[in-house]
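This report refers to the structure that appears directly beneath it.
Structural data, given as structure tokens:
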């Protein structure tokens, strides 16, 4: 890795080198996690097949689509929460702090590895898993007529990826801000903030004389409000909030740069 980072210039080459470094430092745990998740998902699909002696062979989409989406989000948030563990350890922080790279390069590398590269790798893994599942299903059925591979370019997948990037920014900030138990502390902080906001808006509704009469009425009011808010405003809010979390994460990481 080039050591000419003292001039503060941004280098994509250094970003790629640091991204590789993140991967090599964590590749064992990440690969074990990925293979374990794939094995669990495959087992979930296989159990009904064994129980029914192959009479019923569920397709990948019907059996595993929702579970794989949840595993993708959860696994990514766990990885994002631990990406800066090296910085928080007194035994290893010097290695991170003395890297010949700017704060922006370290930050962007970690973000790319835990968001973009992670998403591409998981989508490829899910595709390969769907191919394995559908191939075995076709052999058991004795027919290749119903062969549905995972398609990462659908609206449902796009919504899942969009949600992941939204939550990822929150846990990415937590990975830098908290020194220990980053994932759990970020979850607790998120729940606390959400509950606080709900209580605040409840008081606002009471102040303005908006009575709450049962869960049904609350649900109807929320649905009415959501219908009045255009979809592009909702998307704009999510994008702005994500950028705000990333900005705060960058500022926090820069404060940790003591050398």
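Residue numbers (the working numbering): -15 to 243.
The beta-carbon is built from N, C-alpha and C at its ideal position, and this holds for glycine as well.
Quick caveat, the model's predicted, so the values are computed rather than measured.
Judged by DSSP secondary structure, residue 224 falls within the alpha helix (DSSP H) whose first and last residues are 215 to 240. Excluding five sequence positions before and after residue 241, the CB atoms of its chain that fall closer than 7 angstroms to its own CB belong to 81 and 87, given in chain order. In this structure, the straight-line span from the alpha carbon of residue 159 to that of residue 126 is close to 49 angstroms. Residue 65 is a Cβ neighbour of residue 155, given a cutoff of 8 angstroms.
Taking C-beta atoms under 8 angstroms as the contact rule, residue 62 and residue 103 fail to qualify, at a distance of about 14 angstroms.
Fully enclosed alpha helix (DSSP H) runs of no fewer than 4 residues occupy 87 to 95 of the segment 82 to 118, in order along the chain.
Taking each of 60, 20, 11 and 17 in turn and checking the Cα distance to residue 151, the smallest one comes out for 60.
In this structure, residue 113 lies near residue 26, with their beta-carbon atoms less than 8 angstroms apart.
No beta strand (DSSP E) of 3 residues or more sits fully in the segment 128 to 183. 8 angstroms or more divides the Cβ of residue 28 from the Cβ of residue 1.
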